[in-house]
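The opening position of the sequence shown corresponds to residue 0 in numbering that gives the first Met the number 0, with each subsequent residue numbered one higher.
Down below is the structure, laid out as structure tokens.
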Amino acid sequence: MAQQLAFGIDIGGSGIKGAPVDLDSGEFAADRLRIPTPDDSTPEAVAQVLAELVGSFDLPKKAPVGVAFPAPMDHGVVRFIANLDQSWKGVDLPALLHDATGREVTAVNDADAAGIGEQRYGAAKGKDGTVLVATLGTGIGSALIVDGVLVPNTELGHLEIDGFDAESRAADSAREREGLDFPAWAERLQRYFETVEMLLSPDLIVVGGGISKKHGEFLPLLNLRAKIIPAKLRNAAGIVGAAAMAASDATKKSKKND
């Protein structure tokens, strides 16, 4: 049986990363390529980088492309933007990148892509019920998946808790900025996750982001009803999840056209 591939791209403020993904295993089918995000990060400039990324690999002609983008998405349209040029607001990302690459493109929020990556191939694989995937980094990204179905654009890092935007106190950047040790930071994570738990009653919480490799320093300090575990795919989750979502979209479109 031929290998089933899709191409995943993860757009960040400093780097744009991409790789072909084996959809059976969720593993990269070739080494990931990273290109610095243009200083002038306009849609046109970024689209050129994405076309270069896709063109750097020998992909099947019909391999779909999935893009994990650092903003809420409204059916592929950028609602607002923080870490790239403000001209992204209102851009139809799939249409822009279809013109640049000649391929079918699916665009999703980067935290949602990471969540789908973990749900299909990582720590949440095979888990029923309500799963929350939270990425702890510069901010707090969130993906909420209910019985295998993504609830998009949850932005739970921006919950107001005790009068503060939650991520301003509980993100990994807050730990670094304030020089918190892990027990002190865990107190803030406890307050954050217990609030989310009260609102959503998740069955499982998966914690990702670069700091998740040190999960033994802080996850055991948390006392929650839900099981809370470290992510498995870590920094690969966005690429893998975006590729998987692009493949699912391509399958849906194919069935509609049959």
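Cβ coordinates follow ideal geometry from the N, Cα and C atoms, glycine included.
Remember, it's a predicted structure, so these values are computed and weren't measured experimentally.
Rounded to whole angstroms, the Cβ separation of A67 and D9 is 5 Å, and the two are in contact under 8 Å.
Scanning N256, A249, K255, A241 for the CA closest to the CA of F27 turns up A241. Relative to R174, the option among F217, L203, T153, V205 whose CA is nearest is F217.
As the crow flies, the alpha-carbon of I204 is around 24 Å from that of A106. Our two residues, E103 and L198, have alpha carbons roughly 37 Å apart in a direct line.
Inter-residue distance for A165 and S55 is about 40 Å (C-alpha atoms, whole angstroms).
For A185 against G138, the beta-carbon gap comes to about 18 Å, at or over 8 Å, which does not count as contact. For D111, the secondary structure class from DSSP, reduced to helix, strand or coil, is helix. Here the alpha carbon of A183 sits roughly 28 Å from the alpha carbon of E117.
Beta-carbon to beta-carbon, G7 and G17 are separated by about 6 Å, close enough to satisfy the 8 Å threshold. In the three-state reduction of the DSSP assignment, D38 falls in the coil class, being assigned neither a helical nor a strand state. DSSP lists V77 as the beta-bridge partner residues of M72. Inclusion of F192 and I227 in the CB contact set at 9 Å is warranted, their separation being smaller than that value. D164 has E159 as its beta-bridge partners, per DSSP.
Counting the other Cβ atoms within 10 Å of the Cβ of D111 gives 16 or more, which makes it buried. Per DSSP, the beta-bridge partners of T134 are G140, G207. Shown here, P182 sits in a helix according to DSSP, grouped into three states. Linking K252 to R233 through their CA atoms gives a straight-line distance of about 30 Å. Shown here, P229 sits in a strand according to DSSP, grouped into three states.
When DSSP states are grouped into helix, strand and coil, V145 belongs to the strand group.
Contact annotation: A243 and G65 have beta-carbon atoms nearer than 9 Å. Going by C-alpha positions, S24 is about 22 Å away from K212. Cβ-Cβ separation between R33 and I238: approximately 11 Å, too far for a contact (criterion under 8 Å).
A straight-line Cα-Cα distance of about 24 Å links G147 and L158. For E103, the secondary structure class from DSSP, reduced to helix, strand or coil, is coil. Under the three-state reduction of DSSP output, P151 falls in the coil class, being neither helix nor strand.
In the structure shown, F27 falls within a strand segment according to DSSP collapsed to helix, strand and coil.
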